[in-house]
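In terms of this note's numbering, the sequence shown has 796 at position 197, counting the first letter as 1, and numbering is strictly consecutive.
Idealized CB from N, CA, C, for every residue including glycine.
Take a look at the structure set out below.
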Amino acid sequence: MNRNNSIILRVESLKKYFPIRRGFFQRISGWVKAVDGVSFEIEQGKTLGLVGESGCGKTTVARLILKLLELDEGKIIYQGLDISDFTEKDMKPHRKDMQIVFQDPFGSLNPRMTIGLSIEEGLRILNIKSSRRRKEGLEKLLKMVGMSPDSGDRYPHEFSGGQRQRIGIARALSVEPSLVICDEPISALDVSIQAQIINLLKDLQDQMGLSYLFISHDLNVVGYLCDMISVMYKGRIIESAPADKLFENPRHPYTISLLSAIPDAEPGKKQEMKLPEVDIPDSLILLPGCNFQGRCSIEEPRCREDKIIFEKVGEKHFVRCWKAA
């Protein structure tokens, strides 16, 4: 991996396992490998898209990076600083540099607080700026995200879903972060509003030089917004490449099936590949070999036995499939 000074975030072999408890005494009978050796990096001012189906571990990765969950193994390097073992006290000076935009814009806002107070909350907690400067900054932020400057005295229920997500974005930007994690920020919005929010995020990135980790299951959106894309399946990244290369030449069978499922603009056009109709292995059962076994159309005995290495197949293009490498 590239290790030059333009890398704002690098994670190495992140692991997070959750215990499976059963019986009256709640003894541990197994482990869910929510995140199992995830590595990637994000360049300054760029966007990495992390895609995959629900339950693959995308949000857990985000929580580990923000130190909202303690990791079991691995490293988190932010702007050259190893924050892997930081306590909450250690993290406080760095909280303003890493912010998150949540999936549910209504659930992430306190219904008893005006949006002005919600946006200023981070500044108050971190003792950033005086009261007067916070008020001035509030008006500027609201204008920046396309909201009326005088809407700060209103409450979340008075706004639409798209407006609430704009408020959530303003709150994340209030402390002037360098990295923003967008956790499915448009999945709860109407299709007509989604494009507006995506374009807003892109405009803000250009204006402020932001870096994004964009978590989604919508490949169309990820292809438009992101510079790099990492495809995640059952806790592991199985393919990673620049966005254009991933769409032009996907190598892993799972990536190919995801791309083939994107609706085509031409009605009735035949899709190239679909997941085979087979029994999907229980995600709680830890099987050796490839995580995609049981669903793969090119599976062989070796796939169920050998450790599958994340191999380079092109410029910045890696795949976890020995047949695709």
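By the DSSP assignment, the beta strand (DSSP E) with residue i in it spans what residues?
i: Lys906; result: First-last for Lys906: undefined, no H or E at that position.
i: Thr686; result: Per DSSP, Thr686 belongs to no beta strand (DSSP E) and is neither H nor E.
i: Phe659; result: For the record, residue 659 in the displayed sequence is Thr; it is not Phe. Note, Thr659: premise wrong, no beta strand (DSSP E); alpha helix (DSSP H) at 657-664.
i: Gly648; result: 646-650
i: Phe623; result: Where Phe623 is concerned, there is no enclosing beta strand (DSSP E), given that its DSSP letter is neither H nor E.
i: Phe917; result: 916-918
Taking the CB atoms as reference points, tell me whether residue i and residue j lie closer together than 8 Å.
i: Met697; j: Leu665; result: yes
i: His916; j: Lys801; result: no
i: Asp782; j: Phe701; result: yes
i: Ser773; j: Ile714; result: no
i: Arg733; j: Glu720; result: no
i: Val634; j: Ile619; result: no
i: Ala842; j: Gly822; result: yes
i: Gly673; j: Glu611; result: yes
i: Met746; j: Gln764; result: no
i: Leu722; j: Gly760; result: no
i: His851; j: Arg894; result: no
i: Lys953; j: Asp671; result: In this structure the chain extends from 600 to 924, so residue 953 is not present and cannot be described.
i: Ser717; j: Arg753; result: no
Can you tell me which residues form a DSSP beta bridge with residue i?
i: Trp630; result: Pro618
i: Lys674; result: Glu611
i: Leu697; result: According to the sequence displayed, residue 697 carries Met and not Leu. Partner(s): Leu778.
i: Pro841; result: Met827
i: Glu640; result: Arg609
i: Gly715; result: Beta-bridge pairing links Gly715 to no other residue.
i: Asp635; result: Lys614
i: Gly913; result: His916
i: Arg835; result: Tyr832
i: Asp681; result: Ile676
Can you tell me the Cβ-Cβ gap for residue i and residue j, rounded? I've got them flagged as a contact below 8 Å.
i: Arg835; j: Gly636; result: 6 Å
i: Tyr811; j: Thr646; result: 4 Å
i: Glu910; j: Ala924; result: 4 Å
i: Ile641; j: Ile607; result: 6 Å
i: Ile796; j: Ile785; result: 5 Å
i: Gly651; j: Leu824; result: Not quite, the Cβ-Cβ distance comes to about 16 Å (not below 8 Å), so this is no contact.
i: Val744; j: Leu799; result: 6 Å
i: Arg901; j: Gln892; result: With a Cβ gap of about 10 Å, Arg901 and Gln892 do not count as contacting.
i: Val627; j: Ala661; result: Here residue 627 is Ile; the residue named in the question, Val, does not match the sequence. Not confirmed; about 26 Å, so no contact.
i: Tyr853; j: Val830; result: 7 Å
i: Gly708; j: Ile766; result: First, the amino acid is wrong: residue 708 is Leu here, not Gly. That pair is a contact at about 7 Å.
i: Leu613; j: Leu667; result: No, Leu613 and Leu667 are not in contact; Cβ-Cβ is about 13 Å, not under 8 Å.
i: Lys695; j: Pro776; result: 6 Å
i: Ile828; j: Thr658; result: Actually they do not touch by this definition, with Cβ atoms about 17 Å apart.
How far does the alpha helix (DSSP H) with residue i in it reach, from first residue to last?
i: Thr854; result: 852-859
i: Gly743; result: Rather than Gly, the amino acid found at residue 743 in this sequence is Met. Unbroken alpha helix (DSSP H) run through Met743: 730-743.
i: Leu725; result: That residue, Leu725, is in no alpha helix (DSSP H); it is neither H nor E in DSSP.
Quiz prompt | Sequence ranges, alpha helix (DSSP H) only - wholly within the region 748-816, length at least 4 | solution = 760-772, 790-807
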